[in-house]
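Q: In this note's numbering, the protein residues as written are 460 to 711.
Structure provided below as structure tokens; questions to follow.
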């Protein structure tokens with residue numbers, strides 16, 4: 460391998476690492492039995508859908524309640540001695556956290572619902588059910604994400620599902636939407652990129668695409684859904700863009 464080839468491969472590895480690290484899914488497990496905390500953690504790490512995640516385990520509800528960290532997903536035991544899991548979920552309904560109940564008690568399932576509840580898993584079915592539930596939950600997390608961009612003059616909120624791509628044009632950032640576009644003024648693209656969810660990848664110097672709205676990739680040309688617009692991927696980014704598209708598509 461030549462020096463240039465080595466540097467190119469190293470660049471791809473570094474870019475992919477940074478891309479995947481900046482979007483780590485944050486997961487909490489709350490169960491008074493450490494056995495189940497460890498078991499769920501092991502199963503999550505074995506699941507390729509969430510290969511980039513951090514996991515924190517709690518055996519005491521008070522420790523979770525007093526946390527300072529935000530989580531995307533919470534595995535929550537229903538039957539705990541200090542507090543009822545379903546009651547705790549009601550307190551979390553506006554916390555923008557998706558809850559997966561875990562339980563051994565079948566007669567509590569009628570209560571296991573809420574605006575932020577993805578479902579439940581019986582503890583004796585963890586191995587069989589966790590992959591399915593994680594995939595559904597990952598979709599919910601993506602749907603609940605919001606893009607917030609703050610400029611000197613205004614604050615913008617976008618639903619990621621409505622964004623086709625983001626473009627830096629004549630020193631302005633243009634957000635291209637399914638139903639139009641929004642000029643948010645002068646903001647360096649490098650400041651926008653870290654704010655975006657995992658499905659957004661920069662494909663050239665001036666454009667960031669939303670993988671969820673990609674129709675196809677042929678050669679170094681990406682075609683977008685809804686509008687049929689074509690975006691050119693820079694030559695040096697072609698390989699890692701394709702790899703990232705494949706990684707994210709596996710999680711959809």
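Positions of the beta carbon are idealized from the N, C-alpha and C atoms, including for glycine.
(1) Go ahead and label residue 494 buried or exposed: buried means 16 or more other beta carbons lie within 10 angstroms of its beta carbon, across all protein chains shown.
(2) Tell me the rounded alpha-carbon separation between residue 647 and residue 627.
(3) Can you give me the C-alpha to C-alpha distance between residue 674 and residue 556, rounded to a whole angstrom?
(4) For residue 693, I'd like the list of residues in its chain whose CB is within less than 6 Å of its CB, leaving aside the five on either flank, ordered along the chain.
(5) Do you know whose CA, among 696, 681, 695, lies nearest residue 689's CA?
(6) So which of 566, 622, 542, 532 has the shortest CA-CA distance to residue 487?
(7) So, under 8 Å CB-CB, residue 656 and residue 604 are touching, yes? Tell me the CB distance rounded to an integer number of Å.
(8) With contact counted as at least three CB pairs below 8 Å, one residue from each stretch, are the region 614-629 and the region 518-532 in contact?
(9) Please report the distance separating the alpha-carbon of residue 672 from that of residue 642.
(10) How close, in whole Å, do the beta carbons of residue 553 and residue 499 come, if the pair is a contact with beta carbons under 8 Å?
(11) Where does residue 612 sit, in a helix, a strand or coil, going by DSSP?
(12) Which complete alpha helix (DSSP H) runs does the region 638-689 hold, if anything under 4 residues is left out?
(13) Let me confirm a value: residue 596 is counted as buried when at least 16 other C-beta atoms fall within 10 Å, else exposed. Which label applies?
A: According to the data block:
(1) In the chain shown, counting from the first residue as 1, residue 494 sits at position 35. By the neighbour-count rule (16 or more Cβ atoms within 10 Å), residue 494 is not buried but exposed.
(2) Walking along the chain shown from the start, residue 647 turns up at place 188. Walking along the chain shown from the start, residue 627 turns up at place 168. One C-alpha to the other measures close to 8 Å.
(3) What you label residue 674 is simply residue 215 of the chain shown in a count that begins at 1. What you label residue 556 is simply residue 97 of the chain shown in a count that begins at 1. Cα to Cα, residue 674 sits roughly 30 Å from residue 556.
(4) Within the chain shown, the letter at position 234 stands for residue 693. Within the same chain, residue 693 has close Cβ partners 663.
(5) As a working note, residue 689 is residue 230 in the chain shown. Closest option to residue 689, Cα to Cα, is 681.
(6) Here residue 487 refers to the residue found at position 28 of the chain shown. The shortest C-alpha separation from residue 487 is found at 532.
(7) Residue 656 sits at position 197 when you count from the first residue of the chain shown. Residue 604 sits at position 145 when you count from the first residue of the chain shown. Going by Cβ atoms, the distance from residue 656 to residue 604 rounds to 5 Å, so yes, they are a contact pair.
(8) no
(9) Sequence index remark: in the chain shown, residue 672 carries index 213 (1-based). Sequence index remark: in the chain shown, residue 642 carries index 183 (1-based). Whole-angstrom Cα-Cα distance: 20 Å.
(10) In the chain shown, the residue the question calls residue 553 occupies position 94. In the chain shown, the residue the question calls residue 499 occupies position 40. The pair is not a contact, with the Cβ atoms about 25 Å apart (cut-off 8 Å).
(11) Locating residue 612 in the chain shown gives position 153, counting from the first residue. Residue 612 falls in the coil class under three-state DSSP.
(12) 648-651
(13) Along the chain shown, one-based indexing puts residue 596 at 137. Residue environment: residue 596 is assigned as buried (16 or more neighbouring CB atoms within 10 Å of its CB, all protein chains considered).
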